[in-house]
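Residue numbers (our numbering): 383 to 473. Structure, as structure tokens:
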Ligand code: SF4
Ligand code: SF4
């Protein structure tokens, strides 16, 4: 079974849209209502640094992270690294 998610994230006045279709059930998802990326040290997502598979990406420091869902193994190691509890299992 696959799921999809869509939404918008406000990045310093700019609204960005994201859409992830055919998201694997095991993938991690980011709750952008909780993700406080501007407060992460040097603007770097701590959870991104923890992911060995490089699933979490940022275009630049102080930009919101996003997930390459097809690469995610669902190991959940990144969840504990987020101080904002913004990372969730997809189900
Ligand atoms: S560690 Fe958490 S709050 Fe910080 S950028 Fe990553 S997901 Fe967002
Ligand atoms: S669940 Fe595992 S593979 Fe997926 S983003 Fe988190 S650390 Fe990376």
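Each residue gets a CB set at the ideal place from its N, CA and C atoms; glycine is no exception.
Helix, strand or coil: how does DSSP classify residue 416 here? coil
N- and C-terminal bounds of the alpha helix (DSSP H) containing residue 430: 428–432
Compute the minimum distance between the beta carbon of residue 424 and the heavy atoms of ligand 1, and state whether it is under 7 angstroms. no
Going by DSSP in three states, residue 461 sits in which element: helix, strand or coil? Helix.
Rounded to the nearest angstrom, what separates residue 431 and residue 449 at their Cα positions? 13 angstroms
Does DSSP classify residue 423 as helix, strand or coil? helix
Pick out whichever of 422, 421, 418, 472 has its Cα sitting closest to the Cα of residue 454. Closest by alpha carbon: 472.
Is residue 384 helix, strand or coil when you go by DSSP? Confidence at residue 384 is low in this model, with a pLDDT of 40, below 50, so the placement of that residue should be treated as unreliable; the coordinate-derived value is given next. Of the three classes helix, strand and coil, the one that applies to residue 384 here is coil, per DSSP.
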